[in-house]
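These protein sequences, in sequence, are chains A and B. Following this note's numbering, the numbering of the first sequence begins with 826 at its first residue and continues without gaps. Following this note's numbering, the numbering of the second sequence begins with 826 at its first residue and continues without gaps. Built from N, CA and C at the ideal position, the CB exists for glycine as well. Worksheet: the structure to be examined is printed underneath.
Number of protein chains: 2
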Amino acid sequence: MTKLRPKFKIVDNMMPAPVSNLKVTTRAETVFTGLRQRIVEGEIAMGSKISEPELARYYDISRSTLRDALSRLEGSGLLERKANIGYRVVTLSTEKLLELFRVRESLEGMACYLAAQNMTAAQIAELRELLADHEKNEALQQGEAYFQKAGDLDFHFKIVFGSANQLLIRLLCEELYYLVRMYRFQFGMASPRAKKAFTEHHNIIQAIEDKDGELAEILMRRHISASRLNVEKRMNTL
Amino acid sequence: MTKLRPKFKIVDNMMPAPVSNLKVTTRAETVFTGLRQRIVEGEIAMGSKISEPELARYYDISRSTLRDALSRLEGSGLLERKANIGYRVVTLSTEKLLELFRVRESLEGMACYLAAQNMTAAQIAELRELLADHEKNEALQQGEAYFQKAGDLDFHFKIVFGSANQLLIRLLCEELYYLVRMYRFQFGMASPRAKKAFTEHHNIIQAIEDKDGELAEILMRRHISASRLNVEKRMNTL
DNA sequence: TCAAACTAAATTGTCGACAATTTTGAAATG
DNA sequence: CATTTCAAAATTGTCGACAATTTAGTTTGA
């Protein structure tokens, strides 16, 4: 197993670092980010037990530092912890996925409502551009690429940010979207909806541009609800 | 400053502990709970810097253990952390309170919708009983007691649990409600609504009993939205 | 006097070791 | 053979110390 941290830090910056270097990062934070990705992508299997000594060796850090990272992952909903037992990767299930859809339906619906009030013309233009890019890429590639790739989530992200509600942004972007991505990676999302999704996204943008918050909310809720129904249908036929 | 932990643990349980003793608790967990209460009630002022050495001495634990507790508080949204700077108690503001209302409006609306589908007759009866109790107490005490005290939140809690959506329950009960209580303690919630709130709660229960999820959701959203508007109005007149 | 530079103190980040608890698995019992 | 008991091993919880970074205070220089 490869060492992930060089023994000595190479120092060649005798000159003051670039003034706006905002990346004040700590080992725990780095490991947190790394682990998050490995969990989302399933390299560390869902439901698997976390061995602190083993992971600490893997990253060549102490257990204390690792635990710092693990506690953040628990906050992100990717790990669960039991006293005196330890951490375990969250277990995915269809039932939990349906619950997640319900929560997204409600939160993103609200985000969309607020986005209609708060997004600037520039932001909306940016959103349209994003969607156009995705459509262009989609035209080239095969059917289910859009849903699988980050494209769809980019769109949802931008709207959530457009809500300008910091709490909403934190809940969705820092806690729930990593779970969403985890489901997409490991369940491979349902995507007979690839084409319909574009239309729905277009309609949502239009409602936002018209400053019609109530419509925008309804459209977003239907958009997410449709995905949920898709999963429910699939679940019942199996 | 008083020591909060006795030097020696008194051992008088030579017999096996009660079989269903599920309270496996750790020092970090205990301190977490204690700190949470002190923060919510404002004993540790909002916005104040957390001194790890000082708090560790106060609870007579090591910094590692304290940090475990602090990281959980960050997960609960009561502390904020900056790398190399440390933890700080969240700062409350009217703007953030309005954001919180928006999130509650959306999540509790959904919870209410689901509760109408999932609550059993027994649960609904329990809910009615709770409300009746509150009304009885309210009749005795002065006007604004209901809102101030835990009564109102009890009602909301029960509905959230009635949703049977574990994710929703976790988000609302573990992450957001402590913030809500913190605002009530430290801002002293607006309560010309004390009487109206009872009526609204009754109507919500009725909709749930009728299994009319859509109405239940709308009523809950209006109920919370009314509180938000109250705060907005007050904000504009100052 | 004010601001920049430097030094000392305090705070957070990280480490390794020990204690408490759980898990493993072998031995004992029926 | 299945179940229980018990001891050893492994894992998590907790501790205190050191390193890295930030903060406070003092000195210096214009």
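Using the C-alpha atoms, what's the distance from residue j back to residue i?
i, j, result
"Thr890/B", "Thr945/A", "46 angstroms"
"Ser918/A", "Met1007/B", "34 angstroms"
"His981/A", "Lys1020/A", "16 angstroms"
"Leu996/A", "Ser1052/B", "22 angstroms"
"Glu1057/A", "Phe1010/B", "42 angstroms"
"Glu951/B", "Arg861/B", "29 angstroms"
"Val914/B", "Leu992/A", "16 angstroms"
"Gly1013/A", "Glu999/A", "21 angstroms"
"Ser876/B", "Val865/A", "34 angstroms"
"Ile994/A", "Lys983/A", "10 angstroms"
"Ser873/B", "Leu895/B", "14 angstroms"
"Ser1050/A", "Arg927/A", "8 angstroms"
So residue i is in the beta strand (DSSP E); what residue range does that whole segment cover?
i, result
"Arg906/B", "904-907"
"Gly872/A", "It is not in any beta strand (DSSP E) - Gly872/A carries neither H nor E in the DSSP assignment."
Leaving out five residues on either side along the sequence, give the residues of the same chain with a beta carbon under 6 angstroms from the beta carbon of residue i.
i, result
"Leu880/B", "Leu891"
"Glu868/A", "none"
"Val1005/A", "none"
"Met1060/B", "Thr919"
List the residues of chain B that residue i touches, going by C-beta distances under 9 angstroms, in chain order.
i, result
"Val865/A", "Result: empty, since nearest Cβ-Cβ is about 17 angstroms, beyond 9 angstroms."
"Asn1061/A", "Those do not exist, as Asn1061/A stays about 17 angstroms from chain B at its closest Cβ, beyond 9 angstroms."
By Cβ distance below 7 angstroms, which residues in the same chain neighbour residue i in space, the five residues on each side in sequence not counted?
i, result
"Arg863/B", "Ile869"
"Arg953/A", "Ile1030"
Would you mind telling me which residues of chain B sit closer than 8 angstroms to residue i, beta carbon to beta carbon, in chain order?
i, result
"Leu1138/A", "The structure shown has nothing for residue 1138/A, since chain A only spans 826 to 1063."
"Met935/A", "Arg927, Val928, Glu930, Ser931"
"Ser887/A", "Residues of chain B passing the Cβ test: none, with the nearest at roughly 11 angstroms."
Just reading off the alpha helix (DSSP H) that residue i is part of, what are its end residues?
i, result
"Val915/A", "No alpha helix (DSSP H) holds Val915/A; DSSP gives it neither H nor E."
"Asn1061/A", "1038-1062"
"Arg863/A", "852-865"
"Arg892/A", "888-900"
"Asp977/B", "976-987"
"Val1005/B", "1002-1012"
"Thr1024/B", "1019-1034"
"Leu993/B", "991-994"
Output, in chain order, the set of chain A residues within a Cβ distance shorter than 7 angstroms of residue i.
i, result
"Ser803/B", "Past the boundaries of the shown model lies residue 803/B; chain B is included only from 826 to 1063, so the question cannot be answered."
"Val849/B", "Ala908, Asn909"
For a contact meaning CB atoms closer than 8 angstroms, what does residue i contact in chain A?
i, result
"Leu932/B", "Val928, Ser931, Leu932"
"Leu939/B", "Arg927"
"Glu854/B", "Ala908"
"Asp893/B", "Arg892, Ser896"
Please list the partners that residue i has in chain B, where partner means a Cβ-to-Cβ separation under 7 angstroms.
i, result
"Gly900/A", "Glu899, Gly900"
Looking only at its chain, what residues have a beta carbon closer than 8 angstroms to the beta carbon of residue i, apart from the 5 residues adjacent to it on each side?
i, result
"Leu1044/B", "Cys937, Glu1025, Asn1028, Ile1029, Ala1032"
"Arg887/A", "It is worth fixing the name first, because residue 887/A is Ser in this sequence and not Arg. Closer than 8 angstroms at Cβ, skipping near neighbours: Ala881."
"Pro878/B", "Arg888"
Problem set entry | Inter-stretch contact (C-beta, 8 angstroms, three-pair minimum) for the stretch 904-920 of chain A and the stretch 1033-1040 of chain A | no
For this session: Could you tell me whether the stretch 928-945 of chain A touches the stretch 980-990 of chain A, where touching means 3 or more Cβ pairs closer than 8 angstroms?
Result: yes
Problem set entry | contact_flag[the stretch 945-959 of chain B, the stretch 892-900 of chain B] where n(CB pairs < 8 angstroms) is 3 or more | no
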